[in-house]
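Protein chains: 2
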Amino acid sequence: MSSTAIRPTIRNSGTPAAHALLDVLTGWGVRRVFCCPGSTEAAFLDAVVERSTELDIVLTTHESIAVAMADGAARITGRPQVAYLHTNVGMANGVAHLTAAQLANSPVLVLNGLKSTALQGRDGFTTVPYPRDMIRQHVKWARQVSSAGSLPSDVARALRTSAAEPAGPTWIGLPQDVMDASTPVGAALAAVPPMGVPRNRPAADAVAAAARMLAEATRPVLVAGGDVARHGATEALVALAEHLGATVLGEDRRGFQRTAFATSHPRFAGSYAPNHPAVRDADLLFFVGCRMFTEFEAPAENELPTRAGTIHAHVDAGEVGRLYPVDVGLVGHTGAVLDDLLAALPTVATPTPTPTPTPATATPLSATATPLPASATTLPASAGPLPATATRPPDVASERPVAAFPGHVGLAPIVAALVDGLGDDTTVVLDATTATPALLAALPQRRPDQVLLSSSGSLGWGTGAALGVRLAQPEYPVAAILGDGSFQFGIQALWTAMHYRIAVTFVVLNNGSYSAVGSALHRFDGAARRTGRWPGTDIGGPRIAEIAAGFGVPATRVETPAELTSALRAVRATAGPTLVEVLTGP
Amino acid sequence: MSSTAIRPTIRNSGTPAAHALLDVLTGWGVRRVFCCPGSTEAAFLDAVVERSTELDIVLTTHESIAVAMADGAARITGRPQVAYLHTNVGMANGVAHLTAAQLANSPVLVLNGLKSTALQGRDGFTTVPYPRDMIRQHVKWARQVSSAGSLPSDVARALRTSAAEPAGPTWIGLPQDVMDASTPVGAALAAVPPMGVPRNRPAADAVAAAARMLAEATRPVLVAGGDVARHGATEALVALAEHLGATVLGEDRRGFQRTAFATSHPRFAGSYAPNHPAVRDADLLFFVGCRMFTEFEAPAENELPTRAGTIHAHVDAGEVGRLYPVDVGLVGHTGAVLDDLLAALPTVATPTPTPTPTPATATPLSATATPLPASATTLPASAGPLPATATRPPDVASERPVAAFPGHVGLAPIVAALVDGLGDDTTVVLDATTATPALLAALPQRRPDQVLLSSSGSLGWGTGAALGVRLAQPEYPVAAILGDGSFQFGIQALWTAMHYRIAVTFVVLNNGSYSAVGSALHRFDGAARRTGRWPGTDIGGPRIAEIAAGFGVPATRVETPAELTSALRAVRATAGPTLVEVLTGP
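Note that the protein sequences, when read in sequence, are chains A and B. Position one of the first sequence corresponds to residue 1 (full-length UniProt numbering), numbered consecutively onward. Position one of the second sequence corresponds to residue 1 (full-length UniProt numbering), numbered consecutively onward.
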């Protein structure tokens with residue numbers, strides 16, 4: 001597609017398959033592979049020994065960590081990241097966090113070492129009859145490579161498909177006999193060369209209709225989804241909000257994946273919720289780059305007030321009008337959507353004009369390709385440290401009642417101390433189920449992706465994701481805020497953090513409880529509430545700082561907000577990982 | 001089927017579905033549920049509060065532990081055990097160890113709390129489009145319950161199918177709206193009542209042919225598989241071996257699941273291997289209750305010498321002649337097979353005669369049902385502490401070369417110290433990849449199921465499995481012998497062990513290495529071996545005893561065999577869990 005694409009290292013014949021795999025990966029800019037290997041990965045590991053200047057293995061001691069790290073790094077870089085897992089059992093262990101990558105549209109390529117094809121039909125050790133079935137619904141594309149000759153094209157296609165919009169995970173099964181073979185002449189030529197992702201933009205008539213509605217609205221509300229950050233469109237959204245004088249909300253909390261709009265901006269007013277005053281009052285709702293919606297329960301109250309007009313912009317046509325009616329649907333890359341709207345609105349300067357806008361109706365896929373950034377850490381422009389003003393409406397998300405389940409008290413001062421201790425520049429990965437609403441409302445979000453979250457519900461994602469974020473983003477401090485439940489789920493990340501001295505601060509809010517379960521029992525309002533017995537909730541006991549110290553991670557346990565702030569300030573200059581355990585229970 | 005079946009607690013109408021679920025579970029003898037819950041499990045947990053005298057929740061802090069515990073308990077009791085997992089992400093986390101239960105024919109029912117059906121079609125939080133696809137190939141039967149009315153029959157059928165031979169896992173999806181509803185009149189009546197598992201026995205002509213071959217063989221070898229123990233047929237196999245004067249081998253090491261024959265018996269001669277002297281010399285091989293075979297690599301040497309006649313007995317017709325030719329196939333319950341053979345051989349006393357042997361050709365499923373044992377810990381009769389003699393041939397399995405990978409030295413004295421410290425009566429759960437052959441050859445195996453292993457390759461299985469074994473078998477000490485890699489995979493079991501004070505001794509052989517990966521690189525004989533760099537192998541660093549202490553588990557680190565023996569003797573009387581870390585690296 002792009003005539004300037006080059007294949008600098010792809011050799012054409014007689015290449016051992018493992019080296020051909022390295023050729024494709026490095027040709028696409030992959031510089032590290034997050035890996036939890038077994039014996040089937042010998043050929044790959046051996047190839048990395050020979051070519052260690054080209055690619056690093058980042059070893060993990062559980063597959064879930066490899067997948068979460070790849071997701072974290074993919075979110076920051078926007079480029080394909082690779083997790084290499086071992087056989088059926090390793091793949092199984094990676095699935096839960098792969099759902100996080102899937103929901104976040106993270107381009108994660110899962111390479112899965114499999115037993116030899118000769119063994120697959122014989123129910124051999126660590127084989128399953130249908131390996132692809134284990135992963136199929138969690139990825140965009142899944143293929144077991146059938147021979148060394150098709151390895152380059154299969155892997156290149158998987159990388160390309162991961163990155164193509166809507167981005168997401170892909171899977172490649174690599175049988176051991178295929179990896180031990182050599183590619184025939186010409187195999188590399190069939191592989192799609194490294195290329196950027198073409199942008200699509202919405203139809204011209206839809207843009208015109210949406211611009212008209214926005215211009216005519218008197219109380220418009222913009223709902224900024226994660227794709228605003230993922231597509232580097234925050235600056236354009238700021239321009240649109242300021243031009244319209246619109247209130248801006250973050251997407252609904254359950255769907256929140258990443259900071260897309262500075263919460264300190266005077267127009268920002270919290271998370272979307274159907275009972276948010278701005279939503280109730282709006283005459284137009286414009287959902288930009290978010291899902292409508294990530295529902296936790298079947299909607300009792302309609303998530304979408306019907307009084308207001310509704311516009312929904314999303315890169316995935318399947319998301320627009322999926323569950324709720326919209327008046328105008330805009331299918332396109334979030335940056336292109338906002339650029340087109342800004343150009344269509346009267347008297348607005350376009351911050352980043354698209355070079356040659358073409359009529360989009362007939363050709364929804366623009367010929368303009370975005371080249372992959374050369375640096376692994378190219379970030380969208382920050383929305384900047386704009387001052388908060390008194391005009392800011394109340395944050396409804398933070399006002400939602402927290403269940404009065406015993407053991408879940410004193411969160412507010414802890415959150416304040418956290419914010420104080422972490423400072424304004426820290427990137428925060430959140431994995432603390434019941435504490436999330438309060439944290440999301442309070443943590444500094446001054447630039448895109450400053451707070452990252454999973455909407456998958458897979459506990460333990462945060463420990464590994466934070467490591468991946470830190471490797472991809474060395475210029476900011478990185479903290480993972482975890483519940484004690486999530487800590488146990490993602491505990492193996494401590495090993496990788498310590499082995500590679502990855503400077504992440506793990507903050508564990510230890511309330512000794514699955515308080516989400518407690519809250520559910522509270523809402524259920526039955527025997528548990530009547531008797532005060534809460535089965536399935538008490539996970540107290542572990543001294544988490546002591547466990548971390550056993551992994552070699554410098555760790556401290558604190559009991560007061562003041563101690564927490566001091567501890568966080570003390571560890572900010574530490575070169576490697578650190579952990580602070582905060583007792584939040586009664 | 002059985003007219004004596006009773007439904008003591010199954011109510012007929014207007015029962016909340018969660019209570020109907022408890023009715024079915026307790027009616028089938030289930031007394032505890034291994035559970036890692038989330039909010040979708042509120043109705044179930046609340047029902048358990050009201051009926052806590054009938055059923056216990058055993059809480060785990062990762063789903064993999066719940067599944068491994070259920071597997072361990074199922075192996076000891078032979079009865080269905082239940083793991084209750086939370087939504088798609090919890091199910092995903094349980095899959096790896098479910099493959100262990102599947103390969104061990106463990107009757108494990110996975111109950112999987114799902115989001116409401118109303119949310120499933122809306123891509124709601126923690127839903128997937130096809131939940132059943134995640135689990136289908138890992139279970140015998142999988143069904144999402146469609147309404148409260150069908151819950152009793154679906155769950156009862158899943159329990160019955162789990163227990164039916166060949167036993168294995170089943171899966172029931174329980175949407176939240178179904179669990180919040182009530183059963184209509186008559187719902188319980190449709191549920192299959194608690195019943196025993198009918199035995200099948202082989203065709204009479206096959207029994208006659210096999211008996212003739214056995215009687216005529218001059219150098220017969222019996223290969224005792226895990227089903228000999230699972231079916232309580234060890235005593236019958238001892239009688240057969242002694243009558244024939246046959247050599248007895250354990251099944252091939254990769255397929256080994258559980259002790260089936262006392263290794264101290266004078267006729268026992270190690271693990272099956274094609275190059276075992278007794279196998280090379282045999283004129284008849286009788287494989288009893290094992291797979292033929294669990295292959296690690298595509299067979300270079302034929303696993304089955306063709307000079308000898310071959311008989312294969314298995315409860316699953318699909319296993320007989322699956323990959324290798326057999327002269328006579330005996331499809332039937334292992335106990336029934338051996339009873340029939342003993343009866344057909346001249347001048348042999350039948351130890352446990354089947355009441356009314358019927359011609360089996362026309363009716364392979366006998367009408368004789370084995371009632372479920374009343375006690376959860378009814379064990380097959382022990383093969384007894386028979387003395388070893390000098391006639392015992394060398395154990396080929398233990399003589400297989402151990403790769404000379406650096407960091408994997410000094411195992412022999414450690415193994416000897418382990419055996420010394422654990423004593424003769426301890427049940428040992430093994431999860432220590434590269435140390436397994438040496439341990440399997442050296443550990444006391446004086447009774448069925450004294451050593452338990454997984455053939456799934458899913459690291460970390462051993463920690464949870466040992467807890468399940470201990471709960472089901474309080475009369476013996478239980479130890480889990482783990483590699484440091486497996487320890488990290490199964491680390492969350494320490495929480496459950498400590499919370500419930502389950503007296504398991506965890507022994508961690510800490511060589512700081514994925515030595516299986518090192519061995520594979522060694523065999524690959526490429527750049528790693530040339531340069532002495534071994535990527536993906538170094539997992540050193542953690543002070544495992546310190547980590548365990550952080551969980552509250554009394555733990556000690558030792559460095560010499562003498563210290564190991566002393567430490568193991570010291571902890572034998574401890575009421576709760578203990579951990580001993582042994583440094584085995586250089």
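Positions of the beta carbon are idealized from the N, C-alpha and C atoms, including for glycine. Note that the structure is predicted; figures quoted are calculated from it, not measured.
* Given B/D46, which residues of its chain have a CB within under 8 angstroms of its CB, disregarding the five upstream and five downstream residues? -> A18
* To do: Please list the partners that A/D46 has in chain B, where partner means a Cβ-to-Cβ separation under 8 angstroms.
  => L521, F524, G526, A527 and A528
* Asked: Taking buried to mean at least 16 other C-beta atoms within 10 Å of its own C-beta, is B/Y130 buried or exposed?
  -> exposed
* Pick from B/A497, B/Q445, B/S39 and B/P305: whose alpha carbon is nearest that of B/G113? -> B/S39
* Helix, strand or coil: which one does DSSP assign to B/V419? -> helix
* **Classification of residue 619 of chain A by the beta-carbon crowding that lies within 10 angstroms, buried from 16 upward** => Nothing about residue 619 of chain A can be reported from this structure: the residues present for chain A run from 1 to 586 only.
* Buried versus exposed call for B/P8 [16 or more other C-beta atoms within 10 Å across all chains shown] -> Residue confidence is low: B/P8 scores 44 on pLDDT, short of 50, so the model does not pin down where it sits. Its coordinate-derived value is still stated next. Per the 10 Å Cβ criterion, exposed.
* Answer with buried or exposed for B/S515, where buried requires no fewer than 16 other C-beta atoms within 10 angstroms of its C-beta. => buried
* Asked: Should A/V128 be flagged as near chain B, meaning a C-beta pair shorter than 7 angstroms?
  -> By this cut-off, A/V128 is an interface position.
* Should the region 286–297 of chain A be regarded as contacting the region 309–328 of chain A, the criterion being three or more beta carbon pairs within less than 8 angstroms? -> yes
* Residues, ordered as in the chain, of the region 489–511 of chain A that lie near chain B by beta-carbon distance below 7 angstroms -> Here the close residues are F489, I491, Q492, W495, M498 and H499.
* Asked: From this set, B/R143, B/S458, B/A417 and B/A575, which residue's C-alpha is nearest B/A438's C-alpha?
  -> Of B/R143, B/S458, B/A417 and B/A575, the smallest CA-CA separation from B/A438 is found for B/A417.
* Chain-ordered residues of the region 55–80 of chain A with a beta carbon less than 7 angstroms from chain B -> I57, L59, T61 and H62
* **Local conformation of B/Q257 per DSSP, three classes** => coil
* **A/G335 vs A/T565 beta-carbon contact at 7 angstroms** => no
* If you draw a straight line from the C-alpha of B/A308 to the C-alpha of A/L494, how long is it? -> Rounded to whole angstroms, B/A308 to A/L494 spans 54 angstroms at the Cα level.
* Asked: Alpha carbon to alpha carbon, how far is A/A465 from A/V67?
  -> Rounded to the nearest angstrom, the gap between the Cα atoms of A/A465 and A/V67 is 8 angstroms.
* Asked: What residues in its chain sit with their C-beta under 6 angstroms from that of B/S454, if we drop five residues either side in the sequence?
  -> So the qualifying residues of the chain are A100 and W461.
* Asked: For B/A516 and chain A, any beta-carbon pair shorter than 7 angstroms?
  -> yes
* Asked: Touching or not, the region 481–495 of chain B and the region 535–548 of chain B, by the rule of three or more beta carbon pairs under 8 angstroms?
  -> yes
* To do: Find the nearest neighbour of B/T15 within the set B/I481, B/V508 and B/V185, judged by alpha-carbon distance.
  => Answer by Cα proximity: B/V185.
* Applying a beta-carbon distance threshold of less than 9 angstroms, which residues of chain A neighbour B/D133? -> Taking a Cβ-Cβ cut-off of 9 angstroms, the neighbours of B/D133 in chain A comprise D133, M134, R136 and Q137, given in sequence order.
* Asked: Does A/A118 have its Cβ less than 7 angstroms from a Cβ in chain B?
  -> yes
* To do: Determine, using beta carbons only, whether B/K140 and B/G168 come nearer to each other than 7 angstroms.
  => yes
* Asked: Taking just the CA atoms, how far does A/K115 sit from A/A188?
  -> 24 angstroms
* Can you grab the Cα-Cα spacing for the pair A/L345 / A/T234, in whole Å? => 18 angstroms
* Asked: Run through DSSP, which three-state label would B/F125 get?
  -> coil
* Asked: What is the rounded straight-line gap between the Cα of A/W534 and the Cα of A/N511?
  -> 14 angstroms
* **Within chain B, partners of A/G113 - CB distance below 9 angstroms** => Chain B residues near A/G113: none, gap ~10 angstroms exceeds 9 angstroms.
* To do: Just the C-alpha distance for B/G410 and A/P194, rounded to the nearest angstrom, thanks.
  => Approximately 49 angstroms between the Cα atoms of the pair.
* To do: Return helix, strand or coil for B/N88, following the three-state DSSP convention.
  => helix
* To do: Under 7 angstroms Cβ to Cβ from A/T126, same chain only, skipping five residues before and after it: list those, please.
  => T87, N88, V89 and K115, listed in sequence order.
* Span of the alpha helix (DSSP H) around A/V337 -> T334 to A344
* Asked: A/S456 touches chain B at which residues, Cβ-Cβ below 9 angstroms?
  -> N88, V89, F125 and T126
* Asked: Counting pairs of beta carbons, one from the region 43–63 of chain B and one from the region 21–30 of chain B, are three or more of them closer than 8 angstroms?
  -> yes
* In terms of residue numbering, what span does the alpha helix (DSSP H) encompassing A/L45 cover? -> Its alpha helix (DSSP H) spans residues A42 to E50.
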